[in-house]
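Enquirer:
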Amino acid sequence: MTRLINTVIALVFVLGLCAPAIAQTQQQPPPKPAAQDEFLPIDQLAPKEELPAAPLVMAAYAIAWLVLFVYVVSVWRRLGKVEGEIADVNRRLAGGARR
Amino acid sequence: MQKLFFPLAAVLAVMFAVAPVLIVGAPYESTMGLVQKIFYFHFPSWMAMFTAVFVSGGASIVFLATRRKSADAVAVASAELVVAFGLIGLLTGPLWGIKAWGVWWSWDPRGTSALVLWLIFWGYLLLRRFGGPGSERLAAAVALFGMANVPFVYWSVNLWRTLHPKTTVVSSLPVSMGLPLWWSTAAFMGLFALLMTLRTRLEHDRARLDELYLALED
């Protein structure tokens, strides 16, 4: 029984030592075969998937202006509302004072 | 400041009209190309946000020490501008990142700490809106906590491994890139001053309205 346990431990140890080598073998990409069927000029390769920068730059500047515009409108509206209310209360106060 | 409002608005209109010319004229950055031009609005929006944080924090210190309502008005007004300018930074950053890094958002120290700072000031505004009477003092403490975060946000790129460029990038810019950057930054700072004037006026008007309602009740 002890012999069997020792054999299993030794096997696990050996497998553990070999594991990185096995993993490395599995991770290696397969070598690219040289062109055998046809030769393709490099400028005929499909374009790489790439995001165009111009819409991103324009979107960034548009967002900046939009945020500022919405904020200014929001402050302006709140100011108008409060100032209108002040005028209203002032009128009521003046009316009360006259009576 | 009220007298300077329209002259300052006129100067800013000219500055923001000239800014695109300078930005278009700036050379492309060698590794990122065109998308790096987002930098000329992205960086100034953060600088305006940091300024707003310091103004809000400073005014909160004055308010806590003296209980002056005018200081509280400045703190509230500035806190709202932290959220507005921070939103520009947080929205323009991912548009740059998706092209430069290949991801919209990465939880790197600069982006994450900036987001946390922005959320702290959202907390401040929510506290002022729903906190009820006496929330001014608690909110002032929140603003101080936010202000203490600014150095952490600024130097995070130097302290930790991050995708963001380091702070040395700005000081090492050639004139052709530095001019549009500092021009835009000056314009954003002017805009901050202009919006502060408007927003502080709103707070003063609200305080005046409260006094008038009290007078009406009497």
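In order, the protein sequence lines correspond to chains A and B. All the letters of the first sequence, read from the start, carry residue numbers 5 to 103 under my numbering. All the letters of the second sequence, read from the start, carry residue numbers 43 to 260 under my numbering. Backbone N, C-alpha and C define an ideal beta-carbon position, used for all residues, glycine too. Since the model is a prediction, treat every value here as computed from it, not as a measurement.
Do B:D114 and B:E178 have their beta-carbon atoms positioned less than 7 Å apart in this structure?
Expert: Yes, the pair counts as a contact, with Cβ atoms nearer than the cut-off.
Enquirer: In chain B, which residues lie less than 8 Å from A:V77 when you measure between Cβ atoms?
Expert: Residues of chain B passing the Cβ test: none, with the nearest at roughly 11 Å.
Enquirer: Return the Cβ separation of B:L76 and B:A94 in integer angstroms, given the expectation that the two are a contact with Cβ distance under 8 Å.
Expert: So it is not a contact: roughly 30 Å between Cβ atoms.
Enquirer: Where does B:G75 sit, in a helix, a strand or coil, going by DSSP?
Expert: In the structure shown, B:G75 sits in a strand (DSSP, three-state: E or B).
Enquirer: Entirely within the region 45 to 107 of chain B and at least 4 residues each: give me those alpha helix (DSSP H) ranges in chain order.
Expert: Here the runs fully enclosed are 47 to 67.
Enquirer: Using a 10 Å radius around the Cβ and a threshold of 16 neighbouring Cβ atoms, would you call A:P70 buried or exposed?
Expert: In the sequence under discussion, the amino acid at residue 70 of chain A is Leu, which differs from the Pro named in the question. Exposed, since its Cβ has fewer than 16 Cβ neighbours within 10 Å.
Enquirer: For B:L159 versus B:V195, is the C-beta distance shorter than 7 Å?
Expert: Yes, the pair counts as a contact, with Cβ atoms nearer than the cut-off.
Enquirer: Any idea if B:S72 is buried or exposed, counting beta-carbon neighbours within 10 angstroms, 16 or more meaning buried?
Expert: Per the 10 Å Cβ criterion, exposed.
Enquirer: Do the CB positions of B:Y70 and B:S226 come within less than 7 Å of each other?
Expert: No, Cβ-Cβ distance for B:Y70 and B:S226 is not below 7 Å.
Enquirer: Could you tell me whether any Cβ in chain B is nearer than 7 Å to the Cβ of A:A27?
Expert: With a pLDDT of 49 at A:A27, under the threshold of 50, the predicted position of this residue should be treated as unreliable, though the coordinate-derived value follows. No, A:A27 does not count as interfacial toward chain B.
Enquirer: What does a CB cutoff of less than 8 Å around A:T29 pick up in its chain, not counting 5 residues either side in sequence?
Expert: With a pLDDT of only 48 at A:T29, under the threshold of 50, the placement of this residue in the model should not be trusted; the figure read from the coordinates follows. Closer than 8 Å at Cβ, skipping near neighbours: no residue.
Enquirer: Which residue comes first and which comes last in the alpha helix (DSSP H) that contains B:G139?
Expert: Its alpha helix (DSSP H) spans residues 111 to 142.
Enquirer: Taking Cβ positions, are B:T239 and B:F47 nearer each other than 7 Å?
Expert: Going by C-beta atoms, B:T239 is nearer than 7 Å to B:F47.
Enquirer: For a minimum of 4 consecutive residues, which ranges assigned as the alpha helix (DSSP H) are wholly contained in the region 167 to 210 of chain B?
Expert: List check, alpha helix (DSSP H) in window: 177 to 201.
Enquirer: What is the rounded straight-line gap between the Cα of B:F92 and the Cα of A:V93?
Expert: Taking the straight line from one Cα to the other gives about 38 Å.
Enquirer: Using the C-alpha atoms, what's the distance from B:P222 back to A:V74?
Expert: In a straight line, the C-alpha of A:V74 is about 25 Å away from that of B:P222.
Enquirer: Please list the residues of the region 231 to 247 of chain B that have a C-beta atom closer than 8 Å to any C-beta atom in chain A, keeping them in chain order.
Expert: Listed by position along the chain: L233, L237, L240, R241, R243, L244, D247.
Enquirer: In this structure, does DSSP put B:P151 in helix, strand or coil?
Expert: B:P151: helix per DSSP, three-state reduction.
Enquirer: On a CA-only basis, which of B:V217, B:P151, B:G176, B:W164 is nearest B:T204? Give me that one, please.
Expert: Checked all of B:V217, B:P151, B:G176, B:W164; the closest Cα to B:T204 is B:P151.
Enquirer: Note down the Cα distance separating A:A64 from B:G220, rounded to an integer number of angstroms.
Expert: Going from the Cα of A:A64 to the Cα of B:G220 covers about 20 Å.
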